[in-house]
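Heads up: the sequence lines are chains A and B, in that order.
Residues 11 to 211 (the numbering used here) make up the first sequence, in order.
Residues 11 to 211 (the numbering used here) make up the second sequence, in order.
Below is one structure; the comments refer to it alone.
Protein chains: 2
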Amino acid sequence: MAHNRTAYVILGMLSIEQNKSGYDLRKAIESSVGTFWGESYGQIYPTLKRLAAEGLIVPSSPASQPRQRRQEYALTEAGRACLREWLALPFHNDPPRNEFLLKLFFGREAAPGVEIGHIRELQRRNRRMLATLTALESAARAHPSQSPHMPFWMLTLGLGTALTRAAIEWGESALKQLSAGETAETQEPQPGEANPVDSHG
Amino acid sequence: MAHNRTAYVILGMLSIEQNKSGYDLRKAIESSVGTFWGESYGQIYPTLKRLAAEGLIVPSSPASQPRQRRQEYALTEAGRACLREWLALPFHNDPPRNEFLLKLFFGREAAPGVEIGHIRELQRRNRRMLATLTALESAARAHPSQSPHMPFWMLTLGLGTALTRAAIEWGESALKQLSAGETAETQEPQPGEANPVDSHG
DNA sequence: CGTGGCATGTAAACGGTTACATGATTTA
DNA sequence: TAAATCATGTAACCGTTTACATGCCACG
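Rendered as structure tokens:
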């Protein structure tokens with residue numbers, strides 16, 4: 011009765027829209043929760059089998075006779091109950107692993123310019139992320155479906171944009187600090203005092 | 011020549027302070043990069059052996075004769091070079107997996123109050139995190155060592171606090187929205203229009 | 001008819017955590 | 001001398017990714 015989290019993404023996705031194949035599910039996951047959750051086929055297909063064996067989902071419609079052509083699944087009541095149960099359980103953050111921050115932490119050991127490069131790269135990724143998120147947000151606002159899912163979806167988008175914006179702001183200030191520090195270091199040993207954090211115009 | 015990331019945390023930690031045992035390393039990791047990186051003994055001890063076999067670190071001092079008593083290690087020049095190389099490589103964010111957001115995304119299926127509970131729990135964790143980070147920050151400012159590591163360490167702290175603060179702000183507004191939505195839902199079907207996002211005091 | 005994309009699946013490897021076993025040292 | 005904790009290590013397991021194999025189908 012213990013399930014890995016892949017099982018719950020699948021149940022959740024099927025709770026939103028029935029009759030999806032493994033292929034569909036992967037696409038759906040990627041395009042909806044893709045910014046904060048990922049799944050691979052190697053995880054999805056075996057899990058589908060298991061969920062079906064346990065009766066939490068059932069094979070539905072086009073299991074067309076030829077040896078192999080898209081098998082769709084639908085959520086059963088047992089599956090829905092299982093999903094609800096899991097939703098009510100306290101969430102669990104998996105052990106933190108931020109390679110960017112790790113490299114920044116050891117920045118003293120890096121060649122000059124390396125960390126600045128990393129931060130610039132982070133800025134690029136975050137700006138792309140922000141573009142993605144705001145695109146989703148405005149798309150949602152554009153044709154305002156009255157889907158009961160919307161409030162929750164907008165909240166997830168909201169946290170995403172808030173975090174990304176905060177990271178970008180930090181990046182700007184960090185770049186200023188590091189550039190200042192680097193030129194100062196190569197020019198003069200040290201003045202009596204330094205307080206580089208106050209102009210972020 | 012391929013290393014897992016555990017190897018680099020170890021090299022990094024030894025680049026900051028030599029002569030650490032596996033036990034020391036774990037404590038050091040926990041108390042310095044612990045908020046964004048974790049390691050377990052099961053990963054540390056085998057990696058130490060491997061790094062020593064490859065000459066990136068060397069056993070140093072107290073390998074006292076009795077069968078087993080703390081074995082310390084020190085970084086070699088080869089080890090330092092290896093660390094530098096890795097630092098210069100582009101960082102790689104591992105696949106996103108945020109269980110909180112996943113549960114929030116499927117919130118429509120959850121019993122009433124469940125998501126509010128999750129957000130409150132998130133707020134608790136984030137406030138604790140913020141306390142930890144600001145404590146570290148003020149401790150650093152208190153006795154301002156001129157360690158060349160400090161600028162980088164402060165930057166990592168800065169991103170942590172920025173992200174945490176942003177998350178907390180989001181949480182406050184999210185709680186208001188959800189509470190409003192929930193009471194509205196149980197009282198009247200729907201008014202002509204709703205624009206719940208503009209007062210976040 | 002051939003190519004490219006749709007679709008399903010599996011085997012192997014990997015990185016990592018957990019739980020456990022063991023003993024040495026400190027302290028009360 | 002008993003309890004706590006310092007310290008090292010290993011075996012088993014787990015979830016996940018990667019790479020690969022396969023075959024169907026639509027389109028040019």
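Backbone N, C-alpha and C define an ideal beta-carbon position, used for all residues, glycine too.
The model shown is predicted, which means the values in this text are computed figures rather than measured ones.
Going by Cα to Cα distance, which pick from the options is closest to residue i?
{"i": "L66 (chain B)", "options": "B:L21, B:N103, B:I39", "result": "B:L21"}
{"i": "L188 (chain A)", "options": "A:R118, A:L61, A:I39, A:W47", "result": "A:R118"}
{"i": "N108 (chain A)", "options": "B:N103, B:R107, B:N108", "result": "B:N103"}
{"i": "I129 (chain A)", "options": "B:E95, B:F101, B:L140, B:T174", "result": "B:F101"}
{"i": "S42 (chain A)", "options": "A:S31, A:E64, A:M160, A:Q133", "result": "A:M160"}
{"i": "Q53 (chain A)", "options": "A:S70, A:Y33, A:V68, A:E64", "result": "A:Y33"}
{"i": "L99 (chain B)", "options": "B:Y18, B:L58, B:A88", "result": "B:Y18"}
{"i": "E227 (chain A)", "options": "A:M164, A:S157, A:E179", "result": "Because residue 227 (chain A) is not part of the residues shown, which for chain A are 11 to 211, the question remains open."}
{"i": "A63 (chain A)", "options": "A:M23, A:A88, A:P122, A:S155", "result": "A:A88"}
{"i": "T57 (chain B)", "options": "B:E95, B:R79, B:H13, B:M23", "result": "B:H13"}
Under 7 Å between C-beta atoms, does residue i make it to chain A?
{"i": "R36 (chain B)", "result": "no"}
{"i": "R118 (chain B)", "result": "yes"}
{"i": "L58 (chain B)", "result": "no"}
{"i": "V43 (chain B)", "result": "yes"}
{"i": "T144 (chain B)", "result": "no"}
{"i": "T86 (chain B)", "result": "no"}
{"i": "L169 (chain B)", "result": "yes"}
{"i": "H128 (chain B)", "result": "yes"}
{"i": "T16 (chain B)", "result": "no"}
{"i": "H13 (chain B)", "result": "no"}
{"i": "K30 (chain B)", "result": "no"}
Quick check on residue i - is its C-beta less than 7 Å from some C-beta in chain B?
{"i": "S25 (chain A)", "result": "yes"}
{"i": "Q75 (chain A)", "result": "Reliability of the predicted coordinates at Q75 (chain A) is poor, the pLDDT of 49 falling under 50, and the value obtained from them is presented with this limitation in mind. Q75 (chain A) does not count as touching chain B."}
{"i": "E109 (chain A)", "result": "yes"}
{"i": "P161 (chain A)", "result": "yes"}
{"i": "K186 (chain A)", "result": "no"}
{"i": "G191 (chain A)", "result": "yes"}
{"i": "V68 (chain A)", "result": "no"}
{"i": "H153 (chain A)", "result": "no"}
{"i": "P212 (chain A)", "result": "The first residue shown for chain A is 11 and the last is 211, placing residue 212 (chain A) beyond what the model contains."}
{"i": "T174 (chain A)", "result": "no"}
{"i": "P158 (chain A)", "result": "yes"}
{"i": "L140 (chain A)", "result": "no"}
{"i": "G89 (chain A)", "result": "no"}
{"i": "G123 (chain A)", "result": "no"}
{"i": "G22 (chain A)", "result": "yes"}
{"i": "L61 (chain A)", "result": "no"}
Residues in its own chain within less than 8 Å of residue i by CB, not counting five upstream and five downstream?
{"i": "L167 (chain B)", "result": "L143, L146, E147, A150"}
{"i": "E198 (chain A)", "result": "Note that E198 (chain A) scores a pLDDT of 49, beneath 50, so its modelled location is shaky; the value from the coordinates is reported in the next line. Correct list: empty, nothing qualifies."}
{"i": "E125 (chain A)", "result": "K113, L114, G117, L188"}
{"i": "G170 (chain A)", "result": "T45, F46, M139, L143"}
By Cβ distance, which residues of its chain are closer than 7 Å to residue i, with the 5 residues on each side in sequence left out?
{"i": "R15 (chain B)", "result": "none"}
{"i": "S25 (chain A)", "result": "L85, R90, L93"}
{"i": "P71 (chain A)", "result": "For clarity, residue 71 (chain A) is Ser in the given sequence; the question names Pro instead. Hits under 7 Å: N29, E82."}
{"i": "G127 (chain A)", "result": "none"}
{"i": "E49 (chain A)", "result": "T16, V19, R36, I39"}
{"i": "M164 (chain A)", "result": "A150"}
{"i": "V68 (chain B)", "result": "A62, Y83, A84, T86"}
{"i": "S155 (chain B)", "result": "none"}
What is the C-beta distance between residue i and residue j, in whole angstroms, given that I count them as a contact (C-beta under 8 Å)?
{"i": "F162 (chain A)", "j": "F115 (chain B)", "result": "6 Å"}
{"i": "A120 (chain A)", "j": "L97 (chain B)", "result": "4 Å"}
{"i": "N136 (chain A)", "j": "A84 (chain A)", "result": "Not a contact, Cβ separation roughly 38 Å."}
{"i": "P105 (chain A)", "j": "F46 (chain B)", "result": "Wrong, their Cβ atoms sit about 10 Å apart, outside the cutoff."}
{"i": "A176 (chain A)", "j": "A176 (chain B)", "result": "4 Å"}
{"i": "L140 (chain A)", "j": "T174 (chain A)", "result": "5 Å"}
{"i": "E192 (chain B)", "j": "P122 (chain B)", "result": "6 Å"}
Might you give, ordered along the chain, the residues of its own chain that have their beta carbon closer than 6 Å to the beta carbon of residue i, omitting 5 neighbours on each side?
{"i": "A172 (chain B)", "result": "none"}
{"i": "E182 (chain B)", "result": "none"}
{"i": "Y55 (chain B)", "result": "G32"}
{"i": "M23 (chain B)", "result": "L35, A38"}
In the DSSP output, which residue or residues are listed as bridge partners for residue i?
{"i": "W163 (chain A)", "result": "None; W163 (chain A) has no bridge partner."}
{"i": "W47 (chain A)", "result": "B:R107"}
{"i": "S227 (chain B)", "result": "Limits of chain B in this structure are 11 at one end and 211 at the other, which puts residue 227 (chain B) out of reach."}
{"i": "H158 (chain B)", "result": "Position check: residue 158 (chain B) holds Pro in this sequence, whereas His was assumed. None, per the DSSP bridge assignment."}
{"i": "I178 (chain B)", "result": "Answer is none; I178 (chain B) lacks a bridge partner."}
{"i": "I67 (chain B)", "result": "B:L85"}
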